[in-house]
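Read the structure below first, then the notes.
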Amino acid sequence: MTQHVFPAQARRTFAAAYPASPVKFEHQLLDHPLLSIDALADLAAALPDGEIEYNPGELPIGIAPEDVPEATLGVVETIRNIGQSGSWVALKRIEQVPAYHDLLHDVLGELSDIVTPRTGEMLTLEGFVFITSPGSVTPFHFDPEHNILLQVMGEKTMTLFPVEDEDLLGAEAHELFHLGKRHRNLPWRDEFAAKGLPIQIKAGEAIHVPVKAPHWVKNGAFPSISLSITWRSEWTYAEADARAFNHMLRRIGLHPMSPGPFPAQNRAKALAWRALRKFGRAA
Ligand SMILES: [Fe+2]
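Add 11 to the 1-based position in the sequence shown for the working numbering, that's all there is to it.
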């Protein structure tokens, strides 16, 4: 790319926050030819079916059974009709299509000099596109990746919560998540609301979402397109393995301390878990 996606001020803002804090900054990916409605419809047609989730539209609250329309819209038509109430599309692991692989690597490559000294090499780069109709809500959940969400069209508000607050999510829930025994959606209680930090982004703005920071998202009044660019790091893998090791300690009656927040490397427990896994002793 000839033009930088993240201008100098955006890089400074991201650098001041990474990896622990949520922050908003500018990007210059608007009008990118790979992110138009037409290009995204082509992308949906090119991706394997398993990488696409979509809902072509919402039914009214009261409707007679014989009036329920058959779901005749495919994903390509759903993308082209995204203004229709209640419809949404998630395109996953877009890097499987070569042009999007190159876009993902180019954009994240601009930040590697900030990321690598702190959390290690960028690993397992994955991209996702969310195309959503007005008012859609993504429920309270968390994700295991480093993530930057770039708003390309419309606007949305992401409300983020602190990563280390064990009232929101207890240590055992973290452990079960990393062992693949717990869904990423989280139980919501109304008293959590006061701990949330709402960040609104409009087209041309991005949010850094720290690893496992719980969040929920509400779309604005217009159709929205967002690009999520994610990566893993040795730091996140060590935290995940330390959590798994803690789960084993808990099962034998101990009360282990949770892994330390950044910059703790959590290496001792991670290495212990990897050794157990290697010799087949990890449950
Ligand atoms: Fe998320």
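Heads up, the beta-carbon is just placed ideally off N, CA and C, and yes, glycines get one too.
Return the chain-ordered list of same chain residues with a C-beta closer than 6 angstroms to the C-beta of residue i, the five sequence neighbours on each side being excluded.
i, result
"Met12", "Its pLDDT being 49, under 50, Met12 is placed unreliably in this model, and the value from its coordinates should be taken loosely. Asp117."
"Lys103", "Glu62 and Phe139"
"Lys223", "Phe153 and Val174"
"Ser147", "Trp99 and Asn230"
Would you report the Cα separation of residue i and residue j, rounded to the nearest angstrom?
i, j, result
"Trp199", "Leu179", "8 angstroms"
"Gly120", "Trp242", "11 angstroms"
"Ala281", "Arg254", "8 angstroms"
"Pro33", "Gln211", "12 angstroms"
"Glu183", "Glu137", "27 angstroms"
"Ala35", "Phe25", "For clarity, residue 35 is Lys in the given sequence; the question names Ala instead. If you take the alpha carbons of Lys35 and Phe25, they lie about 8 angstroms apart."
"Pro109", "Phe17", "22 angstroms"
"Pro155", "Ala19", "28 angstroms"
"Leu23", "Phe290", "Looking at the sequence itself, residue 23 is Arg, so the reference to Leu does not match. C-alpha separation (whole angstroms): 44 angstroms."
"Leu114", "Pro267", "42 angstroms"
"Val220", "Ile159", "6 angstroms"
"Met133", "Thr127", "7 angstroms"
"Asp176", "Leu161", "26 angstroms"
"His15", "Glu64", "31 angstroms"
"Gly264", "Leu84", "54 angstroms"
"Ile125", "Thr135", "17 angstroms"
"Lys192", "Glu37", "37 angstroms"
"Arg195", "Ser244", "19 angstroms"
Would you mind working out which of the options sits nearest residue i, comparing C-alpha positions?
i, options, result
"Pro91", "Asp113, Leu51 and His112", "In the sequence as presented, Pro is not what sits at residue 91; that position holds Arg. Out of Asp113, Leu51 and His112, Leu51 has the C-alpha closest to the C-alpha of Arg91."
"Ser9", "Trp227, His43, Ser47 and Ala217", "Only positions 12 to 294 of the chain appear in this structure, which leaves residue 9 out of reach."
"Pro150", "Asp53, His226, Leu134 and Pro270", "His226"
"Gly165", "Asp42, Val126 and Ala251", "Asp42"
"Asn66", "Glu88, Ile159 and Leu122", "Glu88"
"Leu287", "Asp252, His266 and His185", "Asp252"
"Val86", "Phe141, His189, Gly215 and Lys167", "Phe141"
"Gly94", "Arg285, Pro59, Pro145 and Asp124", "Pro145"
"Trp284", "Ser123, Ile125 and Leu190", "Leu190"
Could you name the residues of the same chain whose beta carbon sits closer than 8 angstroms to that of residue i, not counting the 5 residues immediately before and after it, in chain order?
i, result
"Phe273", "Pro30, Ala31, Arg129, Thr130 and Trp246"
"Leu339", "As shown, the chain starts at 12 and ends at 294. That puts residue 339 outside it, with no answer to give."
"Lys167", "Thr143, Gln211, Ile212, Val228, Lys229, Asn230, Gly231, Ser235 and Ser237"
"Ala21", "Phe36, Glu37, His38 and Ala217"
Can you list, in chain order, the residues of its chain with a C-beta nearer than 7 angstroms to that of residue i? Leave out the 5 residues immediately preceding and following it.
i, result
"Ile48", "Ile90 and Arg91"
"Leu197", "Phe151, His152, Phe153, Leu180 and Pro225"
"Ala249", "Gln276, Asn277, Arg278 and Ala281"
"Val163", "Leu40, Leu41, Leu46, Ala214, Ile236, Ser237 and Leu238"
"Ala28", "Val34 and His219"
"Ala56", "Val87"
"Gly271", "Asn277"
"Ser123", "Met133"
Run the proximity test for residue i: is its beta-carbon closer than 8 angstroms to any non-hydrogen atom belonging to ligand 2?
i, result
"Asp49", "In the structure on display, ligand 2 does not appear, and the ligands it does have are ligand 1."
| query | Is it a yes or a no for the region 167-185 touching the region 199-209, going by three-plus beta-carbon pairs under 8 angstroms? | reply | In short, these stretches touch, since the Cβ pair count reaches three.
| query | Would the region 214-233 and the region 253-267 be scored as touching if the rule is three or more Cβ pairs under 8 angstroms? | reply | These segments do not touch.
| request: Could you name each continuous beta strand (DSSP E) segment of 3 residues or more that falls completely within the region 129-172, going from the start of the chain to the end? | output: 134-143, 148-152, 157-164 and 166-171
| Curious, which full-length alpha helix (DSSP H) runs of at least 4 residues does the region 31-58 contain? | 48-57
| task | List in chain order: all unbroken beta strand (DSSP E) runs of 3+ residues lying wholly within the region 224-251. | result | 226-230 and 235-243
| task | List in chain order: all unbroken alpha helix (DSSP H) runs of 4+ residues lying wholly within the region 254-291. | result | 278-289
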